[in-house]
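Engineer:
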Amino acid sequence: MQHEIEKLPDTEQRRVAWNQTMISEEDRKYLLNLPFCHEFYMSGSLVRLFHATPEVDYKAIITQDTIETKFKMFSPSKNTVSQNTADVVLYGHIHHPFMEKIYNRTLINVGSVGNSFDVIRNSEKDANVLETTKSNYLIIEGEYGSKKYNSDISFQFIKVPYDIDKELQEEHLNIERENYHFEIKEGRYRDMTKINENFRKLGVDVDKI
Numbered sequence: 106m107q108h109e110i111e112k113l114p115d116t117e118q119r120r121v122a123w124n125q126t127m128i129s130e131e132d133r134k135y136l137l138n139l140p141f142c143h144e145f146y147m148s149g150s151l152v153r154l155f156h157a158t159p160e161v162d163y164k165a166i167i168t169q170d171t172i173e174t175k176f177k178m179f180s181p182s183k184n185t186v187s188q189n190t191a192d193v194v195l196y197g198h199i200h201h202p203f204m205e206k207i208y209n210r211t212l213i214n215v216g217s218v219g220n221s222f223d224v225i226r227n228s229e230k231d232a233n234v235l236e237t238t239k240s241n242y243l244i245i246e247g248e249y250g251s252k253k254y255n256s257d258i259s260f261q262f263i264k265v266p267y268d269i270d271k272e273l274q275e276e277h278l279n280i281e282r283e284n285y286h287f288e289i290k291e292g293r294y295r296d297m298t299k300i301n302e303n304f305r306k307l308g309v310d311v312d313k314i
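The opening residue of the sequence shown carries number 106 in my numbering; numbering runs sequentially from there.
1) Check whether the stretch 165-173 touches the stretch 129-148, counting contact only when three or more Cβ pairs, one atom from each stretch, lie closer than 8 Å.
2) Provide the residue span of the alpha helix (DSSP H) that contains Phe287, from first to last.
3) When you compare the stretch 250-257 with the stretch 143-154, are there three or more beta-carbon pairs, one atom per stretch, that lie closer than 8 Å?
4) On the three-state DSSP scale, how would you describe Lys112?
5) For Val309, collect the residues of the same chain with a Cβ closer than 8 Å to its Cβ; drop the 5 residues on either side in sequence, then sort them by chain order.
6) Taking the alpha carbon of His201 as the reference point, which residue from Thr185, Asn284 and Ala157 has its own alpha carbon closest?
7) Answer yes or no: do Ala191 and Val152 have a C-beta to C-beta separation smaller than 8 Å?
8) According to DSSP, simplified to helix, strand and coil, what is Tyr249?
9) Terminal residues of the continuous beta strand (DSSP E) containing Asn214?
10) Quick one, are the C-beta atoms of Ile289 and Ile269 less than 8 Å apart?
11) Contact between the stretch 218-231 and the stretch 273-283 is defined here as three or more beta-carbon pairs at a separation below 8 Å; is this criterion met?
12) In chain order, what residues of the same chain lie with their CB nearer than 6 Å to the CB of Pro266, ignoring the 5 residues before and after it?
13) Who are the near neighbours of Gly219 in its chain, counting only those whose CB is closer than 6 Å to its CB and skipping five residues on each side?
14) Taking Arg153 as part of the beta strand (DSSP E), name the residues at either end of that continuous run.
15) What runs of the alpha helix (DSSP H), each 4 residues or longer, lie entirely inside the stretch 166-209?
16) Pick helix, strand or coil for Thr258, following the three-state DSSP scheme.
17) Quick one: what does DSSP say Lys319 is sitting in, helix, strand or coil?
Here it is as structure tokens:
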């Protein structure tokens, strides 16, 4: 794990080090013992949950990615509970919710519980920023544990307003105070350089969106 951290840029290494100072040894052990992913059957569908991808917990899969890239999200890996291909995938990491159907499968990002942002922004086209800066989560309902397609399954996206100013009362503890303030107030990522470069690789002209 430390070897992987050392590969990160200096800013991200400092971020990790700061976060480590904010948790106890008991917290650390708890987090290290959490499973990489979780999976279960619901109303006939194999549902798999993980942070970013079936293989690693730091790669961003975005709405503009290719179908081939998105399809890989359903594949098993050495980190998944089973070696079956999933029917429904729920993941996080990119901080904004979406749902897409491909090959009779469902790919869902559940968003972020606080610090939610959108990466496609334009000052002339944007709606109220409060459409973005809410706390997001998802409820999945169905017949838990059933491998038979004979009952309902549903996905409900929830957006909850919260007191952002109250959250910022403790921001003096944050080593990236200005970045954090910007993100949760403006619903924008602190550094769009890398994201915009990913868009360009996918053929998206970021100057026209």
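Don't be surprised by glycine CBs; every beta carbon is placed ideally from N, CA and C. These numbers come from a predicted model, not from an experiment.
Structural biologist: Considering the structure as presented:
1) Taking a cut-off of 8 Å on C-beta distances, the stretch 165-173 does not touch the stretch 129-148, as fewer than three cross pairs fall below it.
2) Counted as a single uninterrupted DSSP element, the alpha helix (DSSP H) harbouring Phe287 occupies residues Arg282 to Glu291.
3) Counting Cβ pairs under 8 Å, three or more are found: they touch.
4) Lys112 falls in the coil class under three-state DSSP.
5) Only Gln169 meet the Cβ criterion.
6) Taking only the C-alpha atoms, the option nearest His201 is Ala157.
7) Yes; because the gap between Cβ atoms is below 8 Å, this pair is in contact.
8) Strand, per DSSP.
9) Here the beta strand (DSSP E) through Asn214 covers Arg210 to Asn214.
10) Yes; because the gap between Cβ atoms is below 8 Å, this pair is in contact.
11) Counting Cβ pairs under 8 Å, fewer than three are found: no touch.
12) Annotation for Pro266: Lys239 place their beta carbon closer than 6 Å to its own, counting only its chain and skipping 5 residues before and after.
13) Scanning its chain for C-beta atoms nearer than 6 Å, with the 5 sequence neighbours on each side dropped, one finds around Gly219 the residues Ser240, in chain order.
14) Per DSSP, Arg153 belongs to the beta strand (DSSP E) from Ser150 to Phe155.
15) Counting only runs of 4 or more, we get 172-176.
16) Correcting the residue identity first, residue 258 is Ile in this sequence and not Thr. It is a strand residue.
17) Limits of the chain in this structure are 106 at one end and 314 at the other, which puts residue 319 out of reach.
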